Structure formats: structure tokens, C-alpha cells
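Here's the structure we're looking at; comments come further down.
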């Protein structure tokens with residue numbers, strides 16, 4: 006019996022968000038010397054908690070990624086939703102404070118992004134996309150799992166492409182009209 010569309014969508018979202026957390030966690034480990042500064046820049050934690058948060062965050066992201074990618078249907082989606090909501094709230098607070106020009110800390114160093122409502126919406130959208138993961142039903146057929154995995158991978162690759170395009174420097178005004 007084919008799985009429900011909601012179950013397939015939930016699994017696709019798990020793959021999508023799991024890959025995002027996997028890449029983010031690895032990137033934070035690779036650039037661990039910069040992470041305390043990124044966290045401190047948000048001005049939400051007391052100075053004494055910045056270093057411990059910087060040590061824990063990559064590990065938490067990797068554990069959540071592992072749970073999402075391994076098919077965990079409860080703990081991993083709950084943890085991912087909680088992290089995404091915390092990240093969205095931290096961004097929104099700083100945007101409301103007028104602090105848009107800080108690095109969100111959510112991507113590769115080469116793909117740095119400043120805070121914006123689009124990033125807040127993206128995190129809220131990813132959290133919402135995980136909600137169908139809690140739909141209980143019959144197990145998914147192998148073909149349904151493959152479709153979900155490919156859809157999640159496609160969404161992840163599309164987001165990476167969008168992030169890369171957004172990170173391109175603006176065209177200098179002196180070159181307008183030139184080929």
C-alpha cells in the first residue's frame with residue numbers, strides 16, 4: 006500500500022533539513038575559531054555562555070542531522086524544529102534591533118549571509134515542513150522512501166544554489182551597460 010503524501014513529504018523534509026544541519030554542523034566544526042564571534046554578535050547570550058554554546062552547537066546540529074537522516078520520527082524532528090525556531094527568533098530579535106549586517110552563521114563561510122526576514126521565513130518554513138513527520142500511518146514502500154529522499158536532496162541542492170547566487174557580489178555600477 007502506498008504511503009500517504011504527508012508521510013512522503015515529512016520524510017522529504019527530514020532529508021532536506023537533515024542535510025542542511027549536516028553541512029552546517031561540519032562547517033561550524035571547520036571554522037570553530039570563528040563561531041564564538043558569530044554567536045557573540047547576536048548579543049543574546051551572556052559572555053560566559055558564548056564559548057560553551059560554540060562548543061555544543063556543531064555537535065547538536067550533527068546529532069540532529071544524524072537523527073533526521075536515519076529516519077527518526079520523533080526526537081530528531083522535535084529537536085530540529087526547536088533549533089530552527091530558536092535560530093529564527095534570534096534573527097528576528099536582531100533584525101528588530103536594527104542589526105541586519107551581522108553574519109547569520111547558518112552557512113559556509115564563502116556563502117555568508119546577513120540577517121533578513123527571508124532567513125527568518127526560511128527557518129520557519131523548514132520547521133513547518135517537518136510537521137508531517139509526526140503523521141502516523143502504514144510504513145512507506147521502498148519507492149516512496151526513494152522519492153522522498155530524492156525530493157529532499159533536490160530541495161537541499163536548490164537551496165545551496167540559491168545561497169550561492171545570493172552570495173555573489175553585486176555588479177559594480179561602473180560596469181552597467183558593458184558586456
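Residue numbers (the working numbering): 6 to 184.
The C-beta atom is built at its ideal place from N, Cα and C for all residues, glycine as well.
If you're wondering where the values come from, they're calculated on a predicted model, not measured in any experiment.
Open item on the list: Once DSSP output is grouped into helix, strand and coil, what is the label at residue 119?
Closed with: Within the chain shown, the letter at position 114 stands for residue 119. Of the three classes helix, strand and coil, the one that applies to residue 119 here is strand, per DSSP.
Open item on the list: Closer than 8 angstroms is the cut-off here; do at least three beta carbon pairs connect the segment 96 to 107 with the segment 64 to 75?
Closed with: no
- [ ] Would you kindly work out how many angstroms separate the C-alpha atoms of residue 18 and residue 102, rounded to a whole number?
- [x] Sequence index remark: in the chain shown, residue 18 carries index 13 (1-based). Sequence index remark: in the chain shown, residue 102 carries index 97 (1-based). Rounded to whole angstroms, residue 18 to residue 102 spans 31 angstroms at the Cα level.
Task: Validate contact between the segment 37 to 52 and the segment 70 to 88 using beta carbons, cut 8 angstroms, 3 pairs - done: no
Open item on the list: As a quick exercise: from 10, 9, 171, 29, pick the residue whose alpha carbon is nearest that of residue 88.
Closed with: As a first step, residue 88 must be located in the chain shown, where it is residue number 83. It is 29.
Open item on the list: Tell me which residue opens and which closes the alpha helix (DSSP H) that residue 29 is part of.
Closed with: To locate residue 29, count along the chain shown from 1; it is residue 24. Taken as a continuous stretch (DSSP letters only), the alpha helix (DSSP H) holding residue 29 covers 10 to 35.
Open item on the list: Buried or exposed for residue 105, going by 16 or more other Cβ atoms inside 10 Å?
Closed with: By one-based count along the chain shown, residue 105 stands at place 100. When all chains shown are included, residue 105 counts as exposed.
- [ ] Measure the beta-carbon distance from residue 24 to residue 142 and round it to whole angstroms, keeping in mind my assumption that it falls under 8 angstroms.
- [x] Residue numbering aside, residue 24 sits at position 19 when the chain shown is read from its first letter. Residue numbering aside, residue 142 sits at position 137 when the chain shown is read from its first letter. Contact doesn't hold; Cβ gap of about 24 angstroms is too wide.
Open item on the list: Less than 8 angstroms between C-beta atoms, sequence neighbours within five positions excluded: which residues of the same chain meet that for residue 119?
Closed with: Numbered from 1 along the chain shown, position 114 holds the residue referred to as residue 119. Closer than 8 angstroms at the Cβ level, and outside the excluded window around residue 119, lie 105, 106, 107, 108, 109.
Task: Reference residue 133, options 15, 9, 163, closest by Cα - done: Within the chain shown, residue 133 is the residue found at index 128, counting from 1. Nearest option by C-alpha distance: 15.
- [ ] Starting from the C-beta of residue 122, find all residues in its chain whose C-beta is less than 7 angstroms away, skip the five residues before and the five after it, and write them out in chain order.
- [x] On the chain shown, residue 122 is found 117 positions in, with the first residue counted as 1. These residues qualify, in order along the chain: 100.
TODO: Would you please state the rounded distance, in angstroms, between the beta carbons of residue 140 and residue 9? I believe it to be under 8 angstroms.
DONE: Within the chain shown, numbered from 1, the residue matching residue 140 stands at position 135. Within the chain shown, numbered from 1, the residue matching residue 9 stands at position 4. Going by Cβ atoms, the distance from residue 140 to residue 9 rounds to 7 angstroms, so yes, they are a contact pair.
Task: Reference residue 60; option with closest CA among 41, 53, 45, 50 - done: Taking the first residue of the chain shown as 1, we reach residue 60 at position 55. Ranking the options by Cα distance to residue 60, first place goes to 41.
Open item on the list: Give me, in chain order, the residues of the same chain whose beta-carbon lies closer than 6 angstroms to that of residue 131; leave out the 5 immediate sequence neighbours on both sides.
Closed with: By 1-based counting over the chain shown, the position of residue 131 is 126. Hits under 6 angstroms: 22, 89.
Open item on the list: For residue 53 and residue 44, which I take to be in contact (beta-carbon distance under 8 angstroms), what is that distance rounded to the nearest angstrom?
Closed with: Taking the first residue of the chain shown as 1, we reach residue 53 at position 48. Taking the first residue of the chain shown as 1, we reach residue 44 at position 39. Not quite, the Cβ-Cβ distance comes to about 12 angstroms (not below 8 angstroms), so this is no contact.
Open item on the list: By the DSSP assignment, the alpha helix (DSSP H) with residue 141 in it spans what residues?
Closed with: As a working mapping, residue 141 is identified with position 136 in the chain shown. Segment: none, residue 141 is in no alpha helix (DSSP H) and carries neither H nor E.
- [ ] Tell me whether residue 6 is buried or exposed, calling it buried when 16 or more other Cβ atoms sit within 10 Å of its Cβ.
- [x] Walking along the chain shown from the start, residue 6 turns up at place 1. Because the pLDDT of residue 6 is 43, which lies under 50, any placement of that residue in the model is unreliable, and the number read from its coordinates should be weighed accordingly. Burial call: exposed.
Task: Neighbourhood of residue 20 by C-beta, 7 angstroms cutoff - its chain only, sequence neighbours within 5 removed - done: On the chain shown, residue 20 is found 15 positions in, with the first residue counted as 1. Correct list, in chain order: 74, 153, 154, 157, 158.
Open item on the list: Going by C-alpha to C-alpha distance, which of 127, 85, 79 sits closest to residue 165?
Closed with: On the chain shown, position 160 is the one that residue 165 refers to. It is 127.
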